[in-house]
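Chemist: Here this note's numbering is used: the first residue of the sequence shown is 85, the next is one more, and so on.
We treat Cβ as the ideally placed atom computed from N, Cα and C, and that holds for glycine.
Quantities reported herein were computed from a predicted structural model and do not represent experimental measurements.
Sharing a structure here in structure tokens format.
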Amino acid sequence: MDEKTVPLSRLPVDVKVHLAGRNKLGADLDYRALFEQTGECVFIIGLDFRIITANRQALKLLGYEEHQLMGLPVEEIMLLEDSQGREAFLEKRLNLSEHTLRKKGGSMLPVELSISVVHNEHEMPAYIQMLARDISDRKQSEVNLKRHMLSLSVIGEASAGLFRSSNIETKIPEVLESLGYAVDVFCCALFDITSTSMKVQFQWKSFDAASFDVFSALEPFLDSIAENPKSVFSVTDVKLQNPEISSVSILVIPVQGTLGSWGFLALFDKETHLSWLTAEFDTVQTTVNLIGAALERLHYEKTIRLSEMRNRIIVDALPDLLLRTDLTGQILDYNAHPSHPLYAPRESVVGKRLDQLWPADVVRMIIETDDQDAFLSSHWVYGFNLPNHEQTFEARLHPISAEEALIIVRDISEQARLDQMKSDFINRASHELRTPLTAAIMMTELLQQGGTEEQVSEYWHTLTSELNRQKNLINELLIAGRLESGKMKLDAVPMDLLPILHESVRAVKSIARMRNITIELKVDSELCTIFGDTGGLSQVFINLINNAVKFSPEGSTVDVVATQSGAEREARISITDHGLGIPPESIPHLFERFYRAKNVTVAEIPGTGIGLYIVKSIVDELGGKIDVVSELNQGTTFIVRLRLAP
């Protein structure tokens, strides 16, 4: 049969001829066999634009049985709305063109069409032949290829954007958005799984998916994802309790870096499945790895920032002056806490030479400027002073390189003061221990020589007194050691204060009598029970009363007064002398170990400087307080406050 293209406007509208053509086709069995065996999808359409028949491939393509398709208007399977549409339909003859066919269920199928008019032996149009080829796979490949190219573009943009950015955290959501549009999904999320929960670190959702909850969608699958953290996980047609998004398909890809895993990237699609070309999936994986590298960089940057911040906090908190200098003594960097005695504004120090700020001899001790190998090892300069400063300093030099060093300058005034106190204590203790021992040895020698009864009695009395004095001194040293080590434990229990006060006064009366000093004890008649420890309080009051006697002039009075304050629920015991008094600058240091006021010498009044340290430690241990009120050349009052027992 000949095939010619005849415009619709030229076709004769003769129903009989039309029917004859249809009958002729049905009777031609050989043609029918060829018609069925061709690999193409063939549709035979009448001149009235109704479907006459179709081969098996065509029926399968659209999902019809032959009897269902026969007689249907062509508009049932194609979009032809009017006569102009039909004329345009015929104009596609002998040409391949893309179109869409409607399947039985209503879905549209992309096809490539070839249309021609078949003539009979009279050269009259008999019917229209339409060949269709399914191009859905090709179309999908084109979509995937386009998606692949977009993904490649995203990688380029992500690489440039992420690694140009000084704030990666703000760029990652932008990369997720670009990736989402590129691969045509409605949500991308970076998340991590811990032993107890899941944390979404970054996410992007399309505008029409604002109500979508990443956690709810992923929660049922977290165990499966966590069990295989290095594998790709996918699931399709996941039902959701969301009126806007009823089901999704999920693809989860691990995010890897050189330091290990940085979590997972999840892609969510509203389709029932996610289809990927191999190259496209590789592109997505590359994007994921890029994000992993960015997260790794973010981790490094956070670690560095945290380290810098931590170091800065540590440096700023140091009580020391820090100087970075070169071999010539030029100050390259400087840091000092405002409370440091040598503090100065940074801009007034950096760039200057150290010998412009400090005496040259001090600088030479610290830097050893004449030695080119000065920065090869650390050294320490202890105990130097600077003009216009009362403090004592030490300097430690630590090499940074052969040409730079860090100098740490510390105010050691307090340490120097304590060292001096220790030295003074050793001298005093040596004197205090040696004096009674010397006297005891002398008395022993005199006893051996003999003498009158009165002399021997005096020798024995002096020997006993000096040995007791040495025993008391040794006891003080032992108690101080036990307090320092925390081995002296006191039990604060309800007890009567009055017997302890009487016993303490009695213990010191003999010493007071020798100097013609009177100790007067005045006790409030309503004095109640207190919380205390018998041994500890005896040590406190004997020490304070003994000190008052030592520092009182001969013939004076020491007053011991005990009262009760009901409002504050405490007993107050004051011990007052009328002696030298204490300089105001010495009062804050009175209770420190080894301390003695500057207006007292060992030669004038013996003592080790640990008695008041013991007193304060015991009172504190019992939950009490001790105060001092003093006036030079008028006397001193120590006030002990103890808790009343109920």
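Give me, in chain order, the residues of the same chain whose beta-carbon lies closer than 8 Å to that of L306; leave out the 5 immediate sequence neighbours on both sides.
Modeler: Only I277, M282 meet the Cβ criterion.
Chemist: Nearest to P604 by CA position, among T548, V642, R494, is which residue?
Modeler: The question names Pro, yet the displayed sequence has Glu at residue 604. Closest option to E604, Cα to Cα, is V642.
Chemist: Hey, V322 and V332: beta-carbon distance below 9 Å or not?
Modeler: Yes, these two residues count as a Cβ contact at 9 Å.
Chemist: Can you tell me where the alpha helix (DSSP H) with T254 in it begins and where it stops?
Modeler: T254 -> alpha helix (DSSP H) spans 252-266.
Chemist: Out of E610, I671, F270, which one is the CA nearest neighbour of R653?
Modeler: Among E610, I671, F270, the Cα nearest to that of R653 is on E610.
Chemist: Considering Cα atoms alone, identify which of I161, G155, I136 is closest to G147.
Modeler: The shortest C-alpha separation from G147 is found at I161.
Chemist: Let me know the secondary structure DSSP gives Y418 once reduced to three states.
Modeler: Strand, per DSSP.
Chemist: Nearest by alpha-carbon distance to I710: which of V577, L382, Q718, V699 is it?
Modeler: The candidate whose alpha carbon is nearest that of I710 is V699.
Chemist: What did DSSP end up calling R381 once you bin it into helix, strand or coil?
Modeler: Correct three-state label for R381: helix.
Chemist: CB-CB under 6 Å to L805, same chain, minus the five flanking residues each way: which ones, in chain order?
Modeler: Nothing in the structure corresponds to residue 805, since the chain is present only between 85 and 730.
Chemist: With a threshold of 6 Å on Cβ separation, who are the neighbours of L658 within its own chain once the five nearest residues in sequence on each side are excluded?
Modeler: The sequence shown places Ser at residue 658, rather than the Leu named in the question. Counting only Cβ-Cβ distances below 6 Å, and skipping sequence neighbours, we find V645, T721, I723.
Chemist: From P637, S290, V703, pick the residue whose C-alpha is nearest to that of T618; which is it?
Modeler: T618 has its Cα closest to that of V703, out of P637, S290, V703.
Chemist: Quick one: what does DSSP say V703 is sitting in, helix, strand or coil?
Modeler: Residue state, collapsed to three classes: helix.
Chemist: Please confirm whether S290 and F317 have their CB atoms less than 9 Å apart.
Modeler: Not in contact: S290 and F317 (Cβ atoms no closer than 9 Å).
Chemist: Let's see if you can read the secondary structure: which residues bound the beta strand (DSSP E) around D769?
Modeler: With the chain represented from 85 up to 730, any question about residue 769 goes unanswered, as that position is not in the structure.
Chemist: Check whether the segment 576-592 touches the segment 622-635, counting contact only when three or more Cβ pairs, one atom from each stretch, lie closer than 8 Å.
Modeler: Result yes; three or more Cβ-Cβ pairs closer than 8 Å.
Chemist: Whose C-alpha, out of L185, F477, S295, R727, is nearest the C-alpha of E498?
Modeler: Checking every option, the nearest Cα to that of E498 belongs to F477.
Chemist: If you pair each beta-carbon of the segment 185-197 with each one of the segment 217-227, do three or more pairs fall below 8 Å?
Modeler: Result yes; three or more Cβ-Cβ pairs closer than 8 Å.
Chemist: So, with DSSP's three-state summary, where would you put I484?
Modeler: Residue state, collapsed to three classes: coil.
Chemist: Give every residue of the same chain whose Cβ lies closer than 6 Å to the Cβ of N139, excluding the five residues on either side of it in the sequence, and list them in chain order.
Modeler: Excluding sequence neighbours, N139 sits near F119, E120, V126.
Chemist: Buried or exposed for L163, going by 16 or more other Cβ atoms inside 10 Å?
Modeler: So L163 counts as exposed.
Chemist: What residue range is occupied by the uninterrupted beta strand (DSSP E) comprising L335?
Modeler: L335 -> beta strand (DSSP E) spans 331-341.
Chemist: Taking only three categories from DSSP, how would you classify I694?
Modeler: Correct three-state label for I694: coil.
Chemist: Would you give the residue range spanned by the alpha helix (DSSP H) that F275 belongs to?
Modeler: No alpha helix (DSSP H) contains F275, which is instead part of the beta strand (DSSP E) from 271-277.
Chemist: I'd like to know if the segment 527-534 and the segment 441-451 are in contact, where contact means that at least 3 CB-CB pairs between them fall below 8 Å.
Modeler: Result no; under three Cβ-Cβ pairs closer than 8 Å.
Chemist: In three-state DSSP terms, what is Q325?
Modeler: DSSP places Q325 in coil when its eight states are reduced to three.
Chemist: Since I believe D580 is in contact with T613 (beta carbons under 8 Å), could you give me their beta-carbon distance rounded to a whole number of angstroms?
Modeler: That belief holds up - the Cβ atoms of T613 and D580 are roughly 6 Å apart, short of 8 Å.
Chemist: Could you say if the segment 465-482 and the segment 371-384 meet the contact criterion of at least three C-beta pairs nearer than 8 Å?
Modeler: No: fewer than three Cβ pairs fall under 8 Å.
Chemist: Since A729 and P578 are thought to touch, with beta carbons under 8 Å apart, how far apart are those beta carbons, to the nearest angstrom?
Modeler: Correct: roughly 4 Å between the Cβ atoms.
Chemist: Quick check: what's the CA-CA separation for L143 versus I135?
Modeler: Answer to the nearest angstrom: the Cα atoms are 12 Å apart.
Chemist: In the structure shown, what three-state DSSP assignment does G105 receive?
Modeler: Reliability fails at G105, whose pLDDT of 46 lies under 50, so the model's placement of it is uncertain and the value that follows must be treated cautiously. Of the three classes helix, strand and coil, the one that applies to G105 here is helix, per DSSP.
Chemist: Who pairs with Q213 in a beta bridge, going by DSSP?
Modeler: Bridge partners of Q213: I128, S200.
Chemist: Assign Q475 to one of three DSSP states: helix, strand, or coil.
Modeler: Note: Q475 maps to coil in three-state DSSP.
Chemist: Sorted by chain position, which residues of the same chain lie with C-beta nearer than 6 Å to D353's C-beta, five sequence neighbours on each side aside?
Modeler: If we look at D353 and ignore the five residues flanking it on each side, its Cβ neighbours are V269, S333.
Chemist: When we look at the beta-carbon of E150 and count the other beta-carbons within 10 Å, is it buried (16 or more) or exposed?
Modeler: E150 is exposed by the Cβ-count criterion.
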